[in-house]
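In my numbering, the protein residues as written are 6 to 517.
In what follows, a structure is listed as structure tokens, so that the remarks can point back to it.
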């Protein structure tokens, strides 16, 4: 092979790596954005990226010269030494619109991710497919990616970062993923962008109105984490994957255990004192969780969506765990439709990838009333119950205070088959809140009493005594009543006892 041939090859490579050119990349930087390749430099271990399809170009005559790598950087690399497959959309090339050749590249890495059992990561900043390449009857054959996401689901982790306007197909890719982070002020999701909305229904709307980052993370819950910058979004992906196995046929990686704050006398005292006997007095459940997990570190999942329930990944004894904890500082810890929807997918993800579940229960029940019924609350709650029942991972349930009705069951109650179910001395179990039960049952009697307030207090005290954790323990309906400082030890015992029983294999898909 002569020297000119090799020089021609290198020239073609340099042209492709230049992406949309210096001016287009400078425009990205001015908007505080990284280029497609710079994002991979941040996401992956240094020097680990191996690219495929570098020399790809659009085959449309009018676009071929303007589409280096066809606007998509694809290949594989490592994160903390573990291999992942990636597709990074290039907004410097025709605004990141998706070409047919780029789609083939993305299809190729998805296929390899499934074949080689490795996570698939999509870094997205793209509109829908290029009209010039996809209009007409050829559209009848489009959409292979959606079947590929179906095949990947529950077998390997799928992760997406929404870093620009991702209306149409890219939003569907995001929602098929197990974890979605969106960049504040830059990421947008939705069925269609403002121009299509205007044509379709004649309405003027902004991208923010349709699916801005804050709306997606807080209002609709279609993004799992709101990132302040692209670097934060990429760091979140690295951290999320650290809790998961590379595929469903292996267990999550264990790391060197770290002590928890409750292991020391001061932390144990704080844990004991922070939860009041007064069930109406709120406390910071996130702080409580941080006291019992390794190093006090949590990785939140949808923290601003359905905040009455905390869902987060953490480690205990070096093992990955998924934590569901009612938050008394938000709606007294009651479960609404948002909390239920995020909990269902969180449990599904943990179960598919063999992550044990820890339930910390202080819940007065599901939300009630006409407004919540308009959200199909019964159907949502039933689906959540099914999800928890079906989860085969180890479960540890600790009831701190209120364990009421069906919400208690959904939060790892006895019939859900937890490997350990214990309660603090402050815990109460009931079919409904004692106050509501007293009013429903004895309302007329209270009204006729010489001193209604005194009679109400008397009946309420009796009802609370009947709901006592000690009575539940006497009836062998829970395993034990424990001191707060013993909580971490109970959970670590569950992890140790069940370690040899976990047989990794494919279980189920993870629906959006």
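Glycine included, each C-beta is placed from N, C-alpha and C at the ideal position.
Residue 518 lies in the beta strand (DSSP E); which residues open and close that run? Residue numbering for the chain in the displayed model covers 6 to 517; residue 518 lies beyond these limits and cannot be assessed.
Just the Cα atoms here: how many angstroms apart are residue 268 and residue 92? 43 Å
Which of helix, strand or coil does DSSP assign to residue 57? strand
Span separating the alpha-carbon of residue 484 from that of residue 36: 57 Å
Collapsed DSSP secondary structure at residue 146 in the structure displayed: Low confidence applies to residue 146: its pLDDT is 47, below 50, so where it sits in the model is not reliable, and the reading given next is rough at best. Helix, per DSSP.
Quick check: is the beta carbon of residue 219 nearer than 8 Å to any beta carbon in chain B? Checking the listed chains, one finds no chain B in this structure; it contains a single protein chain.
Contained beta strand (DSSP E) runs [length at least 3] in the region 157-234, N- to C-terminal order: 163-167, 170-172, 184-188, 193-195 and 230-232
Looking only at its own chain, which residues have a Cβ that is under 8 Å from the Cβ of residue 203, when we skip the five neighbours before and after it? 209 and 210
Would you tell me roughly how many angstroms separate the C-alpha atoms of residue 146 and residue 321, rounded to the nearest one? Residue placement at residue 146 is flagged as unreliable, the pLDDT there being 47, under the threshold of 50; the coordinate-derived value follows with that caveat. Each residue's alpha carbon lies about 48 Å from the other.
Can you tell me where the alpha helix (DSSP H) with residue 492 in it begins and where it stops? 492-503
In whole angstroms, give me the CA-to-CA distance for residue 383 and residue 452. 33 Å
For residue 415, which option in 26, 429, 396 and 432 has the closest C-alpha, if you only look at C-alpha atoms? 396
My output table needs one value for residue 260: the three-state DSSP class, helix, strand or coil. coil
Any idea if residue 199 is buried or exposed, counting beta-carbon neighbours within 10 angstroms, 16 or more meaning buried? buried
In whole angstroms, give me the CA-to-CA distance for residue 393 and residue 419. 12 Å
Within the region 319-375, ranges of the beta strand (DSSP E) (whole runs, at least 3 residues): 324-331 and 362-368
Leaving out five residues on either side along the sequence, give the residues of the same chain with a beta carbon under 7 Å from the beta carbon of residue 398. 355, 356, 359, 360, 361 and 362
Where does residue 306 fall in DSSP's three states? coil
Taking Cβ to Cβ, would you say residue 161 is nearer than 8 Å to residue 182? no
Taking DSSP's pairing of strands, which residues face residue 435 in a bridge? 409
Quick one: Cα of residue 293 to Cα of residue 413, how far? 19 Å
Mapping DSSP to helix, strand and coil, what is residue 85? coil
Mind checking residue 125: buried by the 16 CB within 10 Å criterion, or exposed? buried
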